[in-house]
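Visitor: Under my numbering, the first residue of the sequence shown is numbered 1158, with each subsequent residue one higher.
The structure that follows is given in the form of C-alpha cells.
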Amino acid sequence: MSAASSSLTLGATEYQRLRAQASALGVTLDDVALERFGLYAQLLDRWGKTTNLISCRTADELIDRHLLDALICDWPCGRAHAIADLGSGAGLPGVPLAIVAPHRRTLLIEPRRRRASFLRAVKRDLGLDCVEVLSVRAETVGLVEPVDVAVCRAVWADDEVLRVAAPWIHEHGLLLCLRSEKHPRRAKARGDAFVLEQVLAYRIPGGAQRRIDVYRKGPSRPDECFT
C-alpha cells in the first residue's frame, strides 16, 4: 500500500492515523479494510477529476471530513443485517460502512447516473460483493425489502428525510441523520412515523461539532435494538 501521486492517496502515515483514530471510535481496521480504503481514495481522486464527488483535496481532509465521519455510524448500525445509504453521492457514509462490515447487505441509493457509475466501480474494484447500487431517487418506493438501518448525510430537511426514509426501513428500524451541530433540533409532530431516540454529539478531528440524530420507526422498542 505505497503512496502514489494522487493528492488523496493514503500513504503509510495516513494508514496509521486512520487505523488509530478508527480504533478510538471502537472500529477495528484490518489490513484488508485499510487496503480497501486506499483503493477507495484512489477512485475518489481519479473520478473526481471529471465528476464532482467531494470537495476535499488532501488525504488528511478525506480522513477527517469523510472517512472518520462515516465510521462514527458503525456503532449505531450495530447488528443490522441490511442498511441503506439514502442519497449516497460519493458513497458516504455507505462505502466506509461496507468496508468495515463487508458481509452486511448495503444499499447505495444514488439517482445521478455518473455518481451511480462511480459507486459501481467502487463495488467492483474493492470487491464489495454485498453492496448493491440502485440508480433511483430515494423517493421511489416498493423496490426492495425494507432494511434495518438507513443513513442520510444532510441531503434533505428533517421533515423531508423522515418522509423519504420511512418506506425503506422496517418497523422498529433506525434512521441515522448526520447533521452539523448548528442544524436546528426538530420538534416531534403528531403523526410522525419516527421517534427521536438519541442524539450522538461528536467532533471531527480539527473540525466542527457534529451530531447524529437517531430515529426509530414506530414506537420505541428496546427489545428490538440493533445497537
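Even glycine gets a Cβ: it sits at the ideal position worked out from N, Cα and C.
#1: Ignore the nearest five residues each way along the sequence and tell me which others in Ala1346's own chain have a CB closer than 6 Å to its CB.
#2: Run through DSSP, which three-state label would His1238 get?
#3: Less than 8 Å separating the beta-carbons of Ile1220 and Ala1247?
#4: Do Leu1331 and Pro1259 have their C-beta atoms within less than 8 Å of each other?
#5: Three or more beta-carbon pairs under 8 Å between the stretch 1229-1244 and the stretch 1303-1320, yes or no?
#6: Under the DSSP definition of a beta bridge, which residues are partnered with Ile1266?
#7: Taking Asp1305 as part of the beta strand (DSSP E), name the residues at either end of that continuous run.
#8: Go through its chain and collect everything with a Cβ distance to Ala1216's Cβ below 8 Å, but skip five positions before and after it.
#9: DSSP three-state label for Ala1164, please.
#10: Taking 8 Å as the threshold (C-beta atoms), are Asp1286 and Leu1200 in contact?
#11: Report all residues from its chain with a CB closer than 6 Å to the CB of Ala1161; omit the five preceding and five following residues, and keep chain order.
#12: For the 8 Å Cβ check, are there 3 or more pairs between the stretch 1172-1180 and the stretch 1220-1229?
#13: Alpha carbon to alpha carbon, how far is Leu1264 from Tyr1249? Give it in angstroms, no decimals.
#14: Whose C-alpha, out of Gly1195, Ala1273, Pro1324, Leu1243, is nearest the C-alpha of Trp1313?
#15: DSSP has Ala1358 in a bridge; who is on the other side?
#16: When we look at the beta-carbon of Gln1173 and count the other beta-carbons within 10 Å, is it buried (16 or more) or exposed?
#17: According to the neighbour-count rule (16 or more other Cβ atoms, all chains shown, within 10 Å of its Cβ), is Asp1315 buried or exposed?
#18: Between Lys1374 and Glu1296, what straight-line distance do the alpha-carbon atoms span, to the nearest angstrom?
#19: Taking all protein chains shown into account, do 16 or more other C-beta atoms lie within 10 angstroms of the C-beta of Arg1360, making it buried, or fewer, making it exposed?
#20: Using C-beta distances below 6 Å, list every residue in its chain close to Gly1284, excluding the 5 sequence neighbours before and after it, in chain order.
#21: Which one of Phe1275, Asn1209, Ala1190, Arg1270 has the shortest CA to CA distance from Leu1224?
#22: In three-state DSSP terms, what is Gly1330?
Guide: Walking through what the data contain:
#1: Residue confidence is low: Ala1346 scores 48 on pLDDT, short of 50, so the model does not pin down where it sits. Its coordinate-derived value is still stated next. If we look at Ala1346 and ignore the five residues flanking it on each side, it has no Cβ neighbours.
#2: coil
#3: no
#4: no
#5: yes
#6: Leu1243, Leu1291
#7: 1304-1310
#8: Ser1164, Leu1165, Thr1166, Leu1167, Gly1168, Glu1171, Ala1198
#9: Per the sequence presented here, residue 1164 reads as Ser, with Ala not at that position. Ser1164: coil per DSSP, three-state reduction.
#10: no
#11: In this predicted model, Ala1161 has a pLDDT of only 42, less than 50, meaning its place in the structure is not dependable; the value taken from the coordinates is given anyway. Once the five neighbours on either side are set aside, Ala1161 has no close Cβ partner at all.
#12: yes
#13: Here residue 1249 turns out to be Leu, not Tyr, going by the sequence shown. Near 12 Å, if we compare the C-alpha coordinates of Leu1264 and Leu1249.
#14: Leu1243
#15: Arg1368
#16: exposed
#17: buried
#18: 17 Å
#19: exposed
#20: none
#21: Ala1190
#22: strand
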